[in-house]
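Trainee: Below: one structure in structure tokens.
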Amino acid sequence: MIRRRVAHPVPAGSRSAVVTGGARGIGAAIARELAGRGYRVLVTDVDETAAKATAAEIGGESAAYDVTDPAAAHAVAARARELAPLGAWVSNAGVGTGGPLADLTDAEARALVEINLLGPVWGSRAAIAAFREQDGGGDLAITASLSGLGPVPGLSLYAATKAAVLSLASALSAEVRVDGIRVHAINPDGVATALLDTMEPRARALVRSGVLLTPDRVATELVGLFGTGRVYKTVPGWRGAMMRLTALAPGPLLRAAPLMQAIGARKTR
């Protein structure tokens, strides 16, 4: 049986949506996808100028937002509700600092946890409070990663933060189901964005050894979960199956890591 994707539009302008890290890359693609489905999108980013440019492109609004600030999350939710009742919140902001754990600076390690994990925590709490106050439910989404499904040498702390948000999404979906809030997470393989370019060379090579997706593909897959009860999806699916297997028997993957890095390095030439 062929399953067809069911779009999840809203009546034009009837719901607002927040996208964190929305100025560029996956976040900008998600903002475009949501705007195309009728949401009034609030594009947020620490780079206020870039957020304004993306918002202007899609006919949305923008706001400067540091996802490590819990109070700011509630202020962003309030700003979105001035546009229309909140219909969606996408925690997409993240950093991709790679390298062995022992090689990271204290600041790099702290940023990975505070942005990639605590960012979705503070955003989710603000979104849930807004959804409950409206008494109308909505969709809460997190950009996770394939790396959250198994061991990834050279990206150990980054992968740990993504595994954590997957666990968060799974448990949270049960906690808020009674409120009509649907929780989703997307686990993409490597994505062709500026974030990938900033990674430490060995980590970047490991990511590039897999399937390199476009931001638009990730955005379509994520927003395609809205309105459904599916909690998370891995893109492409077969890569998720492989990672699950390596999580059960990590030894072979760890031994193959240098080979995978060599394959990824060749793809960059």
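Each residue of the sequence shown is one higher than the one before, counting from 1 in the numbering used here.
In this text, a Cβ means the ideal position worked out from N, Cα and C, and glycines have one as well.
Relative to the ligand COA, is the shortest distance from any of its heavy atoms to the C-beta of residue 10 smaller than 7 Å?
Mentor: By its list of ligands, the structure shown contains no ligand whatsoever, and the ligand COA lies outside what it can speak to.
Trainee: Going by DSSP, name the residue or residues bridged to residue 233.
Mentor: BP columns for residue 233 point to 186.
Trainee: With DSSP run on the structure shown, which of helix, strand or coil describes residue 44?
Mentor: It is a strand residue.
Trainee: Between 137, 104, 152, which has its C-alpha nearest residue 177's C-alpha?
Mentor: It is 137.
Trainee: Can you find the residues in the same chain that come closer than 8 Å, C-beta to C-beta, to residue 2, ignoring five residues on each side of it along the sequence?
Mentor: Any reading at residue 2 needs caution, since the residue's pLDDT is 35, under 50, leaving its predicted position unreliable; the model's value is listed next. Closer than 8 Å at the Cβ level, and outside the excluded window around residue 2, lies no residue.
Trainee: Report the start-end ranges of each beta strand (DSSP E) in the region 45-72 that is 3 residues or longer and not cut off at the edges.
Mentor: 61-64, all fully within the region 45-72.
Trainee: What residues match up with residue 89 in a beta bridge as DSSP calls it?
Mentor: Its beta-bridge partners are 18, 140.
Trainee: Return the residue from the list 220, 171, 173, 212 that minimises the CA-CA distance to residue 190.
Mentor: Ranking the options by Cα distance to residue 190, first place goes to 212.
Trainee: On a Cα-Cα basis, can you pick out the residue from 243, 181, 57, 16 that is closest to residue 145?
Mentor: Of 243, 181, 57, 16, the residue nearest in Cα terms is 243.
Trainee: Decide if the region 46-53 is in contact with the region 61-77; the criterion is three or more beta carbon pairs, one per stretch, under 8 Å apart.
Mentor: Cβ pair count under 8 Å is three or more, so yes.
Trainee: How many Å lie between residue 69 and residue 236 at the Cα?
Mentor: The alpha-carbon atoms of residue 69 and residue 236 are separated by roughly 33 Å.
Trainee: What do you get for residue 102, buried or exposed, if any count of 16 or more other CB atoms within 10 angstroms of its CB means buried?
Mentor: Residue 102 should be labelled exposed.
Trainee: Would a C-beta distance cut-off of 8 Å place residue 18 and residue 76 closer than the cut-off?
Mentor: Closer than 8 Å, so yes.
Trainee: Tell me whether the region 53-61 and the region 95-111 touch, counting them as touching only if at least three CB pairs, one residue from each stretch, are closer than 8 Å.
Mentor: As far as the Cβ criterion goes, the region 53-61 does not touch the region 95-111, which means the pair count is below three.
Trainee: Go through its chain and collect everything with a Cβ distance to residue 4's Cβ below 7 Å, but skip five positions before and after it.
Mentor: For residue 4, the predicted model reports a pLDDT of 40, less than 50, meaning its position is unreliable; a value from the coordinates is still stated below. If we look at residue 4 and ignore the five residues flanking it on each side, it has no Cβ neighbours.
Trainee: Cβ atoms of residue 170 and residue 124: under 8 Å apart, would you say?
Mentor: The answer is no: Cβ separation not under 8 Å.
Trainee: Quick one: using the 10 Å Cβ neighbour count with 16 as the cut-off for buried, is residue 33 buried or exposed?
Mentor: That one is buried.
Trainee: To which residues of the same chain is residue 221 closer than 8 Å at the C-beta, ignoring the five residues directly before and after it?
Mentor: Hits under 8 Å: 186, 188, 233, 235.
Trainee: Is residue 122 closer than 8 Å to residue 192 when the C-beta atoms are compared?
Mentor: It is not a contact, given that the beta carbons lie outside the stated cut-off.
Trainee: Suppose you measure from the CA of residue 167 to the CA of residue 226; what does that come to, to the nearest Å?
Mentor: Each residue's alpha carbon lies about 19 Å from the other.
Trainee: Take the Cβ of residue 173 as the centre, count every other Cβ of all protein chains shown within 10 Å, and call the residue buried at 16 or more, exposed below.
Mentor: Buried is the call here.
Trainee: From residue 86 to residue 157, what does the alpha carbon distance come to, in whole angstroms?
Mentor: Using only the alpha carbons, I get a separation of about 32 Å.
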